[in-house]
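Taking it in order: structure first as structure tokens, then the write-up.
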């Protein structure tokens, strides 16, 4: 795609407020084998969420986790509920929300020497509108085989969300965006407009534009109240104290007057789930509740992870975790003395906090000074009761090549590292892969995200 056409397109349609990035003449190339692998990852991600829901419910209900063996884990729910208000925990545990899962699943995949590595699983992902827009943009310029072409991505999104109002032929769907997530409002505006062109009643709104009326929730259309059938929640649950209108949405959900998705289940938004997947006491639970094929995918995908819990140990006991100076840990603070090689670890807040998204809480152990590493560990220990942290084995991305436009408009073969974000749309017990966003960063960046000197690209499928 020509640079001039890209510049014109982005100047006319700004999908991320105030954000810019590098440009490329072509989408990221995926082989059919990679697409097949991505489809396996999508199904495994859904099964992981389904199993995590079962684990959480059995934990707080005091039920045994396994069919034929006595295993209880009340500590799982205690971990996952840390820092949440009683009201939110009550909503999360309500019978009305039982079995409800997010309609969109987006993993953050890094390309490593061993294959894909999962750094995060996002159930309230941004980038849906942006990726669909890039798909259309590059397809219109002649790119063949675009993943999510011909509007397939926005159609998959609509079908997944609209399925929550099965009795409505053409439900009213509100994409409710908070001020905290304002960066993403332009792409939600674009997505709503695209779906309206197809005759769907989808509207991009600020959360405070929604109001209660007769037990249900509405918004204003040219002076008349319009009843909402489904609220697509594009606001964070930690932000609820700043969203007084959200209370009316939750009340309407409890009364069955409106459906809301993703559901108000903060445990699904915790990175801690990846640490629970690797917890030795839960190994048999995951075997019982995830198919053999998906379990194999997840074991290869999820880096070794641990919950930073500073609970005291009896004398002689050691932590199930990494090592420091070749020795097992008796305290998480022992990691402050770990060697440079042993600090090949990532420390990040688990969730339910303003620093939990993006890379704002991420500290890579061997990329900071010993003093900064010690300070980060101390903060994680100090915050454990309200905002648990997760420690994860750091997986280094391999260097890859892709053509980019230089400052003077010339095309050159750039070297960099890749984060791949496939978007999966839930359809019952299966998922549909309907688009993927490739973020191609300079090779000197250890943390890969949508920065100014990165390229953000759609993906296309081609023969290897």
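Residue numbers (our numbering): 43 to 506. For each residue, glycine too, the CB sits at the ideal point set by N, CA and C.
Beta carbon of residue i, beta carbon of residue j: below 8 Å?
| i | j | result |
| --- | --- | --- |
| residue 297 | residue 241 | no |
| residue 106 | residue 113 | yes |
| residue 476 | residue 501 | no |
| residue 273 | residue 204 | no |
| residue 223 | residue 309 | no |
| residue 225 | residue 249 | no |
| residue 160 | residue 337 | no |
| residue 301 | residue 271 | yes |
| residue 236 | residue 264 | no |
| residue 320 | residue 346 | yes |
| residue 47 | residue 183 | yes |
| residue 102 | residue 86 | no |
| residue 215 | residue 259 | no |
| residue 212 | residue 239 | no |
| residue 261 | residue 394 | no |
| residue 503 | residue 74 | yes |
| residue 497 | residue 43 | no |
| residue 145 | residue 468 | yes |
| residue 449 | residue 63 | no |
| residue 419 | residue 378 | yes |
| residue 375 | residue 339 | no |
| residue 194 | residue 324 | no |
| residue 275 | residue 304 | yes |
To which residues does DSSP link residue i through a beta bridge?
| i | result |
| --- | --- |
| residue 347 | 434 |
| residue 501 | 70 |
| residue 90 | Note: residue 90 sits in no beta bridge, so no partner. |
| residue 260 | 253, 269 |
| residue 245 | 216 |
| residue 390 | 432 |
| residue 131 | None, per the DSSP bridge assignment. |
| residue 445 | 455 |
| residue 158 | 153 |
| residue 164 | 148 |
| residue 464 | 478 |
| residue 439 | 154 |
| residue 276 | 219 |
| residue 342 | Answer is none; residue 342 lacks a bridge partner. |
| residue 370 | 365 |
| residue 64 | 497 |
| residue 360 | Answer is none; residue 360 lacks a bridge partner. |
| residue 473 | 468 |
Quick one: what's got a C-beta closer than 6 Å to residue i's C-beta in the same chain, skipping five residues either side?
| i | result |
| --- | --- |
| residue 508 | In the structure displayed, the chain extends from 43 to 506; residue 508 sits before or after that span and is not available. |
| residue 143 | 91 |
| residue 317 | 347, 348, 349, 432 |
| residue 181 | 188, 191 |
| residue 53 | none |
| residue 251 | 261 |
| residue 363 | 348, 371 |
| residue 201 | none |
Please work out which residues of its chain come closer than 7 Å, Cβ to Cβ, to residue i, disregarding the five sequence neighbours upstream and downstream, and give them in chain order.
| i | result |
| --- | --- |
| residue 232 | 55, 57, 171, 175 |
| residue 121 | 314, 349, 430 |
| residue 89 | 332, 333, 336 |
| residue 157 | 342 |
| residue 439 | 152, 153, 154, 459, 460, 490 |
| residue 234 | 217, 244, 245, 246 |
| residue 126 | 308, 394 |
| residue 485 | 441, 457, 458, 459 |
| residue 385 | 407, 408, 415 |
I'd like the list of long-range same chain contacts for residue i, defined as Cβ closer than 8 Å, with 5 residues on each side in sequence excluded.
| i | result |
| --- | --- |
| residue 108 | 326, 327, 330 |
| residue 453 | 67, 445, 446, 447 |
| residue 299 | 257, 258, 259 |
| residue 414 | 405 |
| residue 372 | 355, 359, 360, 361 |
| residue 51 | 179 |
For the ligand PLP, any of its heavy atoms closer than 7 Å to the Cβ of residue i?
| i | result |
| --- | --- |
| residue 495 | With respect to small molecules bound, the structure shown includes none, and the ligand PLP cannot be examined in it. |
task = Would you mind listing the alpha helix (DSSP H) stretches within the region 297-335 that are 4+ residues and don't spill past its ends, in chain order?
result = 314-319, 325-331
ask   = Quick one: any contact between the region 388-397 and the region 301-315, if contact means 3 or more CB pairs under 8 Å?
value = yes
key: contact_flag[the region 421-436, the region 350-365] where n(CB pairs < 8 Å) is 3 or more   = yes
query = Touch check for the region 124-134 and the region 401-415: three-plus C-beta pairs under 8 Å?
reply = At 8 Å Cβ cutoff, the stretches do not touch.
ask   = On the three-pair Cβ rule with 8 Å, is the region 458-465 touching the region 144-155?
value = The region 458-465, when compared against the region 144-155, does touch it at the 8 Å Cβ threshold.
task = Can you check the region 186-216 for any beta strand (DSSP E) of at least 3 residues that lies completely inside it and give the ranges in chain order?
result = none
message = Measuring CB atoms only, is the region 436-452 touching the region 167-177, in the sense that at least three cross pairs come out at less than 8 Å?
response = Three or more Cβ pairs closer than 8 Å define a contact, and the region 436-452 falls short of that threshold against the region 167-177.
The region 68-76 in contact with the region 181-199 per 3-pair CB rule at 8 Å = yes
query = In chain order, which continuous runs of the alpha helix (DSSP H) of length 4 or greater are located wholly inside the region 396-423?
reply = none
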